[in-house]
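Working notes for the structure below.
Numbering (the working numbering), first residue to last: 97 to 263.
In structure tokens form, the structure reads like this:
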């Protein structure tokens, strides 16, 4: 296989940018910017998220069996870059970002334009990112978006010409 062609073609898949948050059974909070996300079922509502297998977020998901997907709006570039690094909780903020706890205990970022709370249904442990399938148990929408909901999401291509994930 031509490695350059593979990388380029895989980078043609469009990606939204989200912040996955989770709490483990000991109250430890983890967060990570993710972009391998898709809805997989209407009934029950299911989402699949690719989570880096050696990350703190993955460990928290495995332990707590629940997570939240925080949708970032077009003005969420700062949040996206913040959560490329391991998160910390200080002064009631998650890596400097105000949050509140969702019904399932996972952090919901105040700046998120929407959020989904999920319970883990299954994990497919393949590759360097494991696929976490979660059932949506709660949805948060602080204000309806203007226009198409999918147009409100920050996309990978909006992070800059040299920012790629995939390939």
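Using N, Cα and C, we set each Cβ at its ideal position, and we do this for glycine too.
One alpha carbon belongs to residue 144, the other to residue 169, and they sit about 20 angstroms apart. DSSP, reduced to helix, strand and coil, places residue 154 within a helical segment of the structure shown. A distance below 8 angstroms separates the beta carbons of residue 180 and residue 129.
DSSP, reduced to helix, strand and coil, places residue 175 within a helical segment of the structure shown. Here residue 176 is near residue 250, since their CB atoms are less than 8 angstroms apart. About 6 angstroms separates the CB atoms of residue 142 and residue 229; that is less than 8 angstroms, so the two are in contact.
Between the segment 206-223 and the segment 233-240, the count of Cβ pairs shorter than 8 angstroms is three or higher; the stretches touch. Of 254, 248 and 215, the smallest CA-CA separation from residue 158 is found for 215.
Annotated three-state conformation of residue 104 is helix, per DSSP.
Boundaries of the beta strand (DSSP E) harbouring residue 195: 193-197, taken from the DSSP string. Taken atom to atom, the span from the alpha-carbon of residue 160 to that of residue 252 is near 28 angstroms.
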